[in-house]
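Asker: Starting off with a structure, shown below.
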Amino acid sequence: MSGKQNPEVVIWTNRGCGACVRAKQLFERKQIDVTERRLKNTPSIQRAFALASKGAKTVPQIIINGSLVGGFDNLLLLDKSGELDVMLGLANTLPQRTAWQRFRAWAGLR
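Read in order, the letters of the sequence shown correspond to residues 320 to 429 in this note's numbering.
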């Protein structure tokens with residue numbers, strides 16, 4: 320990413336979470352460093368997670384440059400649409416989509 324600032328990516332995870340592993344792998348494929356925050360049963364960590372994730376109850380919770388993306392499904396949707404690459408500074412604009420692709424995205428169809 321020559322000349323561009325590296326994005327700040329934080330992933331809240333827990334032991335035994337397959338979606339957490341897959342989220343980290345997605346960023347590895349894009350050659351993006353992540354900070355992993357492990358969810359633990361301590362009050363201070365629980366409070367930090369609740370604040371960072373806006374009260375989410377599941378992991379992973381992904382935060383990019385201070386903006387909450389949400390969980391793994393949201394991450395995949397952003398990646399599929401091209402928005403993730405824009406957020407990470409890997410692309411300047413979104414790829415053009417056909418009217419049918421926009422409708423499918425709007426309707427939540429895969």
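In this text, a Cβ means the ideal position worked out from N, Cα and C, and glycines have one as well.
(1) Return the chain-ordered list of same chain residues with a C-beta closer than 6 angstroms to the C-beta of PHE368, the five sequence neighbours on each side being excluded.
(2) Taking 8 angstroms as the cut-off, does the segment 372-382 touch the segment 415-426 (at least 3 CB pairs, one atom from each stretch)?
(3) In angstroms, rounded to a whole number, what distance separates the CA positions of MET320 and GLY385?
(4) If I'm right that PRO379 touches ALA426 with Cβ under 8 angstroms, what's the distance once you round it to whole angstroms?
(5) Does the Cβ of LEU394 have 16 or more other Cβ atoms within 10 Å, making it buried, or fewer, making it exposed?
(6) Who does TRP425 pair with in a DSSP beta bridge?
(7) Hey, could you find the ends of the beta strand (DSSP E) GLN380 is sitting in?
(8) Among all the DSSP beta bridges, which residues are the ones paired with SER386?
(9) Whole angstroms is fine: what's the gap from PHE346's alpha carbon to GLN365's?
(10) Give every residue of the same chain whose Cβ lies closer than 6 angstroms to the Cβ of LEU397, excluding the five residues on either side of it in the sequence, and list them in chain order.
(11) Hey, would you say LEU387 sits closer than 8 angstroms to PRO326, going by beta carbons?
Answerer: According to the structure data:
(1) Contacts found: TRP331, LEU358.
(2) In the pairwise beta carbon analysis, the segment 415-426 is classified as not touching the segment 372-382: fewer than three pairs are separated by under 8 angstroms.
(3) No answer about MET320 holds up, because its pLDDT of 41 lies below 50 and its placement is not dependable.
(4) Actually they do not touch by this definition, with Cβ atoms about 26 angstroms apart.
(5) Here LEU394 is buried. Its C-beta has 16 or more other C-beta atoms within 10 Å.
(6) In the DSSP output, where bridge partners are listed per residue, TRP425 has none listed.
(7) It spans 380-383 - the beta strand (DSSP E) in which GLN380 sits, taken as one unbroken run.
(8) Answer by DSSP bridge pairing, in chain order: ILE383.
(9) Rounded to the nearest angstrom, the two C-alpha atoms are 25 angstroms apart.
(10) Answer for LEU397: LEU403, listed in chain order.
(11) Contact flag unset, no.
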